[in-house]
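Residue numbers (our numbering): 29 to 257.
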């Protein structure tokens, strides 16, 4: 269970067990990724306009088009998993890259340049090609690599791998536009909701909450400074 609140985190995890006992994990986002450095680079309205129908799932099911799906997969790997070499992510990149046409590659390149994501895409393709020899037009690779050298400092920091939690916190803080949002962000992290605290520590009584908040502050400081989220 994530810390609750609309500012600190922008996703929730749910589980559903169907009538056959199969457990389904649902990861619900209202921004494309949690780190604020990238959270608004692919806004919802743009994703909705470019959606494609997926009737194999349900008559009302939609998904991002091939171009958007590929960019999301590259961004997700960097923003949430520190450029992980886990084949689960890289094979997704390989398959999605293979679905792009020549025009699709050009549209992807144009989109990434417009949103400052060229370095993110270049890194994803580099890793996918190392394992799966993903076929990418030579011109697209050359242009992405050329753009990669001009990546912004935030992108370069995330491309170095998993960052300490405190570094992500500071980055998020800097990207919040108003003082009010920063205060809410701080509260969400330091004093999360009572339901979250009860679930996190396995208690049912509210009487223990003051002690649990103090315990969280004392034990969480080391994790924030040293561990990767």
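Every residue gets a Cβ at the ideal spot worked out from N, C-alpha and C, and that includes glycine.
* Looking only at DSSP bridge pairs, what is residue 39 linked to? -> According to DSSP, residue 39 bridges with 57.
* Quick one: give me the first and last residue of the alpha helix (DSSP H) that residue 85 is part of. => Element bounds for residue 85: n/a, residue is neither H nor E.
* Asked: So does the stretch 63 to 71 actually touch the stretch 232 to 246, counting three or more Cβ pairs closer than 8 Å?
  -> No contact exists between the stretch 63 to 71 and the stretch 232 to 246.
* Range covered by the alpha helix (DSSP H) that runs through residue 155 -> Segment 146 to 160, the alpha helix (DSSP H) holding residue 155.
* Look up residue 164 in the DSSP assignment and say whether it is helix, strand or coil. => Here residue 164 sits in coil by DSSP.
* Could you work out which residue in 115, 213, 211, 204 is closest to residue 157 when comparing CA atoms only? => When each option's Cα is compared against that of residue 157, the closest is 115.
* Asked: First and last residue of the alpha helix (DSSP H) that includes residue 199?
  -> Run containing residue 199: 193 to 203, per the alpha helix (DSSP H) assignment.
* To do: Using three-state DSSP, classify residue 99 as helix, strand or coil.
  => Helix, per DSSP.
* By Cβ distance, which residues of its chain are closer than 8 Å to residue 259, with the 5 residues on each side in sequence left out? -> The requested residue 259 does not occur in the structure, where the chain is confined to residues 29 to 257.
* Asked: When burial is assigned at 16 or more other CB atoms within 10 Å of the CB, is residue 136 buried or exposed?
  -> With 16 or more other Cβ atoms within 10 Å, it is buried.
* **Alpha-carbon spacing of residue 63 relative to residue 88, whole angstroms** => Per the coordinates, the alpha-carbon of residue 63 lies some 30 Å from the alpha-carbon of residue 88.
* At which residues does the alpha helix (DSSP H) containing residue 66 begin and terminate? -> Taken as a continuous stretch (DSSP letters only), residue 66 belongs to no alpha helix (DSSP H), as it is neither H nor E.
* Asked: Rounded to a whole number of angstroms, what is the C-alpha to C-alpha distance between residue 159 and residue 187?
  -> Rounded to whole angstroms, the gap between the alpha carbons of residue 159 and residue 187 is 18 Å.
* Simplified DSSP assignment, three categories, for residue 113 -> Residue 113: coil per DSSP, three-state reduction.
* To do: Grab the span of the alpha helix (DSSP H) containing residue 185 for me, first residue to last.
  => 181 to 187 is the extent of the alpha helix (DSSP H) around residue 185.
* Three-way DSSP call (helix, strand, coil) for residue 45 in this model -> Correct three-state label for residue 45: strand.
* For residue 145 versus residue 80, is the C-beta distance shorter than 8 Å? -> No, the Cβ-Cβ distance between residue 145 and residue 80 is not below 8 Å.
* Straight-line gap, residue 42 to residue 218 (C-alpha atoms, nearest Å) -> Those two C-alpha atoms are separated by around 23 Å.
* To do: Compare the C-alpha of residue 104 against each of 46, 59, 231 and name the closest.
  => It is 59.
* What is the C-beta distance between residue 95 and residue 139, in whole angstroms, given that I count them as a contact (C-beta under 8 Å)? -> The pair is a contact, with the Cβ atoms about 7 Å apart (cut-off 8 Å).
* To do: Rounded to whole angstroms, what's the CA-CA distance from residue 91 to residue 55? Just pull it up for me.
  => For residue 91 and residue 55, the distance between alpha carbons rounds to 14 Å.
* Asked: What three-state label does DSSP hand residue 80 in the structure shown?
  -> Under the three-state reduction of DSSP, residue 80 is assigned to strand.
* Helix, strand or coil at residue 190 according to DSSP, with G and I counted as helix -> Residue state, collapsed to three classes: coil.
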